Amino acid sequence: MRNIYKKLSIFCSVLVLISLSSCKKLLEQTPKNSTYFQVFWKNANDARYAISGNYSMVRAAITNYNDRYYMYGEAVAKNYFTIQYKGDGLEGIQTGDFTFQYNLENLGNYTNFYKAIAMSNLVIKNVSKMTDDQLKTEDNPTAFRNNILGQALFLRAFSYFMMVRVWGDVPIVTEAYDDPLTAPQLARSPKAEVMKLIEDDCHKAAGLLTWSYTSAGDAKVTANAGAVYALLAHLYLWRATMLDVSTDTPNPIDVNSADTTINTLMARGGYSLPDTSKYKNVFIGRSSEGIFEINMSENTLEGSNSSIGMNFLNQSYINQGATNPRDFVTPKYLSEHYGSGSTDIRYANNFELVSSTQPMCVKYKNIIYRNYAQQLDPYLSNNMIIFRLSDFILLKAEIALYKGDKATAISIINKWRTRFNKNPDLIDDSYSLSDVMYEYGIERGREFYLEGEIFYDLLRTREYQNHVDWLTMPRFRAEGYYWPVDPALFRQNPLLKQTKYWLGKV
């Protein structure tokens, strides 16, 4: 096992070094003629090392810089949690100002996503060329090859999906260029083209992957057909509502596509909701409802000592931890979503110090000490949940609302509230369609708190108007929710342009 990690480490290091070799190119690719790669792509283990490196790069892309997955998907909606000032200006994003230098240079920079995409492109190019003889150690070389290719396509699609929600138009690169010095400089492609690429990659991946896993160790933390369908459903709903924000009327074709995709996911995925008494275990990872997660388990020494969850926990949970953690739950969130004295299981499980001015989120609290004897060197051993069954059960209510089917949406929301609360605040037919959409937003805000989803939910449903103070309707129509691009990325590339809303502001 040590040799496997050593070889993977060398492979990824070579890729990163080569990808940074030319400061004149924005989107670096790995040259085929690299000495190291001449002896790579020779057997099944090489393909395994490569796809493992791809997952590592995706994890780096979404966790670097203060866990950017949560910064983009939640922190900007400031009425959910508060980031306290620690010298870097990160808290500035919570007022809708993304121009602080730290934020521009880090959260405004998409280089890590393109490293992950470059890795996907390498895997797709090279594994597709591997012969059955090279894969002869596998019982079924074709199935093995398809599985690796499907995962790489999924990871590329997921990387682009992250970027299209954050920046809108982004450069499209799908080739592994032989020589980075001759790779073209690329302009930003229209978001419609990016979404079409994601859709196409998902369709290809779905045709290559199965609904099962090759080994128990791969379950949930590697992509299978379920992960692909989950991503595709989210893509369809995003495209239905966010491709053209001059209107609040969703595209019915994409809404229907999301509906049928979710139906297939639920029918074929084999996922199930755990008993609510085991609710907290969902966020440790690999639960019965998990669809796709980023492995951050200390069982494989992949926990985190700097993840978003750690930023909420005080010394009650972490030995020698902070008295006043950097992040805390905004009291307004608790009052709007739960009121006082709530009997909701999620309220009891996820929050502490609820009567204070700085409530604490304990959704992620599985602390493991690497120095167990002295209770030092704490790591959080909670997987990063990307897709889980609950998400898609509730999305069915959103789809029903887009179709004008208020009764179905009410039924789903009420059933969900009854699941978690012995005294639920139910809704009925006297609620208008817009009232039900508001309640739907509240329910997703309860269920997916600190899962990197809430801001995107609010944009899709237009509920941002009720929860995000800085995002006015004129700014929304001008696509002012997108991030600016770090100026360092386009100084070397005249084809790149700044995000439209931020022109003259950065």
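Residue numbers (UniProt numbering): 1 to 506.
Where is the CB? At the ideal position from N, CA and C, for every residue including glycine.
This one's a predicted model, so the numbers in the text were calculated from it and none came from an experiment.
Straight-line gap, residue i to residue j (C-alpha atoms, nearest Å)
{"i": "Leu495", "j": "Gly92", "result": "29 Å"}
{"i": "Glu439", "j": "Ile413", "result": "8 Å"}
{"i": "Arg444", "j": "Ala267", "result": "22 Å"}
{"i": "Phe283", "j": "Arg491", "result": "41 Å"}
{"i": "Leu395", "j": "Thr408", "result": "12 Å"}
{"i": "Leu26", "j": "Gln185", "result": "Summary for Leu26: the model assigns pLDDT 42, below 50, so the residue's position carries little reliability; its value from the coordinates is reported in the next sentence. Approximately 7 Å between the Cα atoms of the pair."}
{"i": "Lys497", "j": "Ser355", "result": "47 Å"}
{"i": "Leu237", "j": "Asn147", "result": "27 Å"}
{"i": "Leu366", "j": "Asp248", "result": "The question names Leu, yet the displayed sequence has Asn at residue 366. Near 41 Å, if we compare the C-alpha coordinates of Asp248 and Asn366."}
{"i": "Phe455", "j": "Asp391", "result": "14 Å"}
{"i": "Lys415", "j": "Met195", "result": "33 Å"}
{"i": "Val362", "j": "Gly452", "result": "15 Å"}
{"i": "Ala61", "j": "Ala478", "result": "27 Å"}
Residues near residue i in its chain [Cβ-Cβ closer than 8 Å; skip 5 each side]
{"i": "Met360", "result": "Phe312, Leu313, Asn314, Pro325, Phe328, Val329, Phe351, Glu352 and Leu353"}
{"i": "Thr343", "result": "Asn421, Lys422 and Asn423"}
{"i": "Leu135", "result": "Asn43, Ala44, Ala47, Pro141, Phe144 and Arg145"}
{"i": "Ile318", "result": "Met310, Ile367 and Pro378"}
Exposure of residue i, with buried meaning 16 or more beta-carbon neighbours within 10 Å
{"i": "Lys24", "result": "Note that Lys24 scores a pLDDT of 37, beneath 50, so its modelled location is shaky; the value from the coordinates is reported in the next line. By the neighbour-count rule (16 or more Cβ atoms within 10 Å), Lys24 is not buried but exposed."}
{"i": "Met473", "result": "exposed"}
{"i": "Thr131", "result": "exposed"}
{"i": "Asn371", "result": "exposed"}
{"i": "Leu458", "result": "buried"}
{"i": "Ala322", "result": "exposed"}
{"i": "Ser159", "result": "buried"}
{"i": "Asn121", "result": "buried"}
{"i": "Tyr85", "result": "exposed"}
{"i": "Thr63", "result": "buried"}
{"i": "Arg346", "result": "buried"}
{"i": "Asp67", "result": "buried"}
{"i": "Ile253", "result": "exposed"}
{"i": "Gln151", "result": "buried"}
{"i": "Ser307", "result": "buried"}
{"i": "Lys191", "result": "buried"}
Residue i - containing beta strand (DSSP E), residue span
{"i": "Leu376", "result": "Leu376 to Leu380"}
{"i": "Arg48", "result": "Note, Arg48: premise wrong, no beta strand (DSSP E); alpha helix (DSSP H) at Ala44 to Tyr70."}
{"i": "Glu453", "result": "Element bounds for Glu453: n/a, residue is neither H nor E."}
{"i": "Tyr85", "result": "Here Tyr85 belongs to no beta strand (DSSP E), and DSSP marks it neither H nor E."}
{"i": "Phe292", "result": "Gly290 to Ile294"}
Cβ shell of residue i (< 6 Å), same chain only, five flanking positions each side left out
{"i": "Ser272", "result": "Ser288"}
{"i": "Asn109", "result": "Asp486"}
{"i": "Leu232", "result": "Cys202 and Thr261"}
{"i": "Ala400", "result": "Thr408 and Ala409"}
{"i": "Tyr482", "result": "Trp167, Gly168 and Thr499"}
{"i": "Leu20", "result": "Confidence is the limiting factor: at Leu20 the pLDDT is only 40, short of 50, which leaves the residue's position unreliable, though a coordinate-based value still follows. Here the set comprises nothing."}
{"i": "Arg475", "result": "none"}
{"i": "Tyr402", "result": "Pro250 and Val255"}
Residues bridged to residue i (per DSSP)
{"i": "Asn371", "result": "Leu376"}
{"i": "Ser304", "result": "Leu380"}
{"i": "Val506", "result": "DSSP, once it has assigned bridges, lists no residue as partnering Val506."}
{"i": "Phe351", "result": "Cys361"}
Where the alpha helix (DSSP H) containing residue i begins and where it ends
{"i": "Phe328", "result": "It is not in any alpha helix (DSSP H) - Phe328 instead sits in the beta strand (DSSP E) that spans Asp327 to Val329."}
{"i": "Gly226", "result": "Ala225 to Met242"}
{"i": "Arg388", "result": "Taken as a continuous stretch (DSSP letters only), Arg388 belongs to no alpha helix (DSSP H), being part of the beta strand (DSSP E) at Met384 to Arg388."}
{"i": "Ile198", "result": "Lys191 to Leu208"}
{"i": "Ser159", "result": "Pro141 to Val166"}
{"i": "Arg475", "result": "Met473 to Arg477"}
{"i": "Met119", "result": "Thr111 to Val127"}
{"i": "Tyr338", "result": "No alpha helix (DSSP H) contains Tyr338, which DSSP labels as neither H nor E."}
{"i": "residue 508", "result": "The chain is shown from 1 up to 506; residue 508 falls before or after that span and cannot be answered."}
{"i": "Thr418", "result": "Lys406 to Phe420"}
Same chain, Cβ closer than 7 Å to residue i, neighbours up to 5 away in sequence not counted
{"i": "Gly303", "result": "Met296, Ser297, Ile368, Tyr379, Leu380 and Ser381"}
{"i": "Ile83", "result": "Ala75, Leu90, Glu91, Gln94, Arg326 and Asp327"}
{"i": "Val228", "result": "Phe154, Cys202, Ala205, Ala206 and Leu209"}
{"i": "Leu334", "result": "Phe351, Val354 and Pro359"}
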